[in-house]
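Note sheet for the following structure.
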Amino acid sequence: MTALADGAPVRRAGAGRRLSDLLWRRPGVLLALLLGPPLMWLGVVYLGSLFALLLQSFFSIDEFSGVIDRTPTLKTYGELLRPANLDIILRTVVMAALVTAASVVVAFPIAYYAARYAKGRGKALFYLGIMLPLWSSYLVKVYAWKLILAKEGIVGWGFESLGLGGVLNAFLAVPGIGGNSLSVSPTGTFLVFVYVWLPFMILPIQAALERVPGSLIEASGDLGATPGQTFRHVIWPLALPGVVAGSIFTFSLTLGDYIIPQIIGTSARFIGLAVYQYQGTAGNVPLAAAFAVVPIVIMGVYLAVARRMGAFDAL
Amino acid sequence: MTSAVSFRGVSRHFGSVRAVDALDLDIAEGEFFAMLGPSGSGKTTCLRLIAGFETPTAGRIELFGEDVSGLPPYRRAVNTVFQDYALFPHLNVLDNVAYGLMIAGVPKAERRRRAEEALGMMALPGYGGRRPSELSGGQRQRVALARALVNRPRVLLLDEPLGALDLKLREQMQDELKTLQRKVGITFVFVTHDQGEALSMADRVAVFNDGRIQQVGTPEEVYARPRTRFVADFVGGSNVLSPGVAALFGGRPAWASLRPEALRLGPPEGARITGVVTAARYLGAATRLVVDLGAGASPEGRNDVAVLVPGGHPVPAPGTRVGLAWDAGALHPMAAE
């Protein structure tokens, strides 16, 4: 009989192979090697410092000497409830909610197109288009927007050229959202927030839609649903985990940002700016820490509500 | 009598690809109709044209005499069982089945009752609260059937519905589908690339190739009297004889088909045709032999034939020279396509 197989039944092993053998026999060792360093980083450096921050929020500051009193107290949290501070929290939360809602509206069609229609080169171009703004400096983009939105900027010029200057001025005259020009109005802050965080909304929605087989959409139509009904009963529920993931980004990034409101908008303060100022110039670290807890609590509540409403059922 | 589904000169071209080309076809009401063909033959496109997922490039599609060519899927009284079942992952089984009723505005209590009833008919009572992901392939398929049938469609379309099931389950579902179709009396249009499935279930079969129908007929006709070489090859079973071999068997020198069970073995002495057994495959009720007729029997095709030896008859070992006998009229000439 002629043998096609030949040679020793066991291949000889060098040191590298023996290490592979060990890891193959004991997958736990491999897992520990792979996960150990990042878990140390996350657990000790990140969570540790977060915990230290939280701890600070239970300290208080002596108003006269400016010395931190390390006896645990809820006094600093009480300070959050002062009208001026509540105002900051409310303004930030409303802005974050509006930015998130607007991001969903703008991102969804883009994500839907990318997930269901874009193919090959078109898809690559799409990714490039979404990611490209993230490559350039955040400050450059924000200052660019300041020029775009300035009184003599291209937006104002566009409105004037179309003979709609009056419309823009009437809009800017509305108290609460207007101002001297778009670049110093809350509307300007809102527009720049939406622009800057949009990629963080598009990508998760696109990823969620990418996982929806086309046959589900066809099946819905086959069962009598118009495209609108299909969107409501099939596409939206299945995209919801992506929408929630994206909104975590846009919401929490807006809650924590302290640069955009400084450069564009009125000088009204947002949480991020308050944290920055209290722990920096004012040296009131406990109040800064208490402010920093607010977004964490808000996100916790938001996720709990989203979960209860079934946003993660499709996961 | 109007047909349930009619194709009138229907074409569907994707760029230069003629997925369906100038097709005419009538499917009668209450029929279990199979569209059989290799992948890319246009059978699935035909199904999608009936459902409304594709619009014809030319021609008309009629449902019970009404032109539906321009109608979107949600306006057509047909329902589809998808190849991947397409169950909604965010809904439980009951809501999946009741989806069409919900869209149609049927009150909640009523649609629950009808969905439960449909699940009962599919032997899945009490499964309503589960998620599709918790079901086996066979169960998902039944849910997909229930979801389609609960809407009482005029035509039910099935796209390779058994493709994802294992062999035993597939055979069981073949019987169940056939029984179900008799019970509900709805026209079933069934797409498959499995000739066994098509022949065993359908009332009539259309064999597709390159966007055209090669033959429409009952399973017996398609199997025993393939009209073209392609049908004989694809439906399988039959020996496809090249003109030279057909002449050897006493037929016209044209392509012909000869069923393996029409051939009988005998002693080589005095036989008109002899050959050497080269392979034997035991099939349970019979043994299928391959008999080599010798080089020179045919210059343009295979020169061996399959012979089916019924159980209980002696089976010659490979290498044995045997003689062949056959009934006059067992040879069917066919087109060379």
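Protein sequences appear in the order of chains A and B.
Under the numbering used here, think of the first position of the first sequence as 1, with each following residue one higher.
Under the numbering used here, think of the first position of the second sequence as 316, with each following residue one higher.
Idealized CB from N, CA, C, for every residue including glycine.
- With contacts defined by Cβ atoms closer than 8 angstroms, T507 of chain B and I342 of chain B do not form a contacting pair.
- Counting only the Cα atoms, T359 of chain B lies some 24 angstroms from Y414 of chain B.
- Taking a contact to require three or more Cβ pairs closer than 8 angstroms, the segment 549–561 of chain B and the segment 630–644 of chain B do not qualify as touching.
- For D222 of chain A, the C-beta contacts it makes with chain B under 7 angstroms involve A366, P388, N394, T395, in order along the chain.
- Residues of the segment 417–430 of chain B with a C-beta atom less than 9 angstroms from some C-beta of chain A are M417, I418, A419, listed in chain order.
- At least 8 angstroms separates the CB of V167 of chain A from every CB of chain B.
- Under the 10 Å beta carbon count, N169 of chain A is surrounded by fewer than 16 other beta carbons and is classified as exposed.
- At a Cβ-Cβ threshold of 8 angstroms, S572 of chain B and A547 of chain B count as neighbours.
- Residues of chain A whose Cβ lies closer than 7 angstroms to the Cβ of G415 of chain B are, in chain order, L223, G224.
- Non-local C-beta neighbours of I88 of chain A in its own chain, meaning closer than 7 angstroms and more than five positions away in sequence, comprise R269, F270, I271, A274, ordered along the chain.
- Under the 10 Å beta carbon count, N524 of chain B is surrounded by 16 or more other beta carbons and is classified as buried.
- Here L492 of chain B carries a helix assignment [DSSP, helix/strand/coil].
- For G566 of chain B, same chain residues with a beta-carbon under 8 angstroms away, outside a window of 5 residues either side, are L556, L646, P648 in chain order.
- Against chain B, the beta carbon of P204 of chain A has no neighbour under 9 angstroms; the closest one sits roughly 17 angstroms away.
- Considering only B:E344, B:A651, B:D339, the residue with the shortest C-alpha distance to T543 of chain B is B:A651.
- DSSP places M40 of chain A in the uninterrupted alpha helix (DSSP H) bounded by 27–40.
- Taking the Cβ atoms as the reference, T370 of chain B lies roughly 20 angstroms from S356 of chain B, outside the contact range of under 8 angstroms.
- Counting only Cβ-Cβ distances below 7 angstroms, A239 of chain A has no contacts in chain B at all, with the closest Cβ about 10 angstroms away.
- Taking a contact as a CB-CB distance under 8 angstroms, the pair Y276 of chain A and Y258 of chain A counts as one, their CB atoms being some 4 angstroms apart.
- Here N466 of chain B is buried. Its C-beta has 16 or more other C-beta atoms within 10 Å.
- The residue from A:E152, A:I177, A:G176, A:P175 with its alpha-carbon nearest to that of G165 of chain A is A:E152.
- In this structure the segment 290–301 of chain A does not lie against the segment 335–349 of chain B, because fewer than three pairs of beta carbons, one per stretch, are closer than 8 angstroms.
- Chain A places a beta carbon closer than 8 angstroms to that of A401 of chain B, counting this residue as a contact.
- No Cβ of chain A is located within less than 8 angstroms of the beta carbon of N524 of chain B.
- When Cβ pairs closer than 8 angstroms are counted between the two stretches, the segment 214–223 of chain A is seen not to touch the segment 185–200 of chain A, the count staying below three.
- Here the C-alpha atom of S448 of chain B lies approximately 7 angstroms from the C-alpha atom of P404 of chain B.
- Going by C-alpha positions, A5 of chain A is about 17 angstroms away from R12 of chain A.
- Across the set B:L362, B:R327, B:V396, B:L340, the C-alpha of B:R327 shows the shortest separation from the C-alpha of T372 of chain B.
- For F251 of chain A, the enclosing alpha helix (DSSP H) begins and ends at 236–256.
- In the structure shown, the three-state DSSP call for A595 of chain B is strand.
- Rounded to the nearest angstrom, the gap between the Cα atoms of P629 of chain B and V591 of chain B is 16 angstroms.
- In the DSSP assignment, H647 of chain B is bridged to B:S572.
- Residue-level contact check: S252 of chain A does not touch chain B, since none of the beta carbons of chain B fall below 8 angstroms from its beta carbon.
- Contacts between E218 of chain A and chain B, judged by CB atoms closer than 9 angstroms, involve R363, A366, F368, P388, T395, F397, A401 in chain order.
- At a Cβ-Cβ threshold of 8 angstroms, G526 of chain B and D336 of chain B count as neighbours.
- Secondary structure of V465 of chain B (DSSP, three-state): coil.
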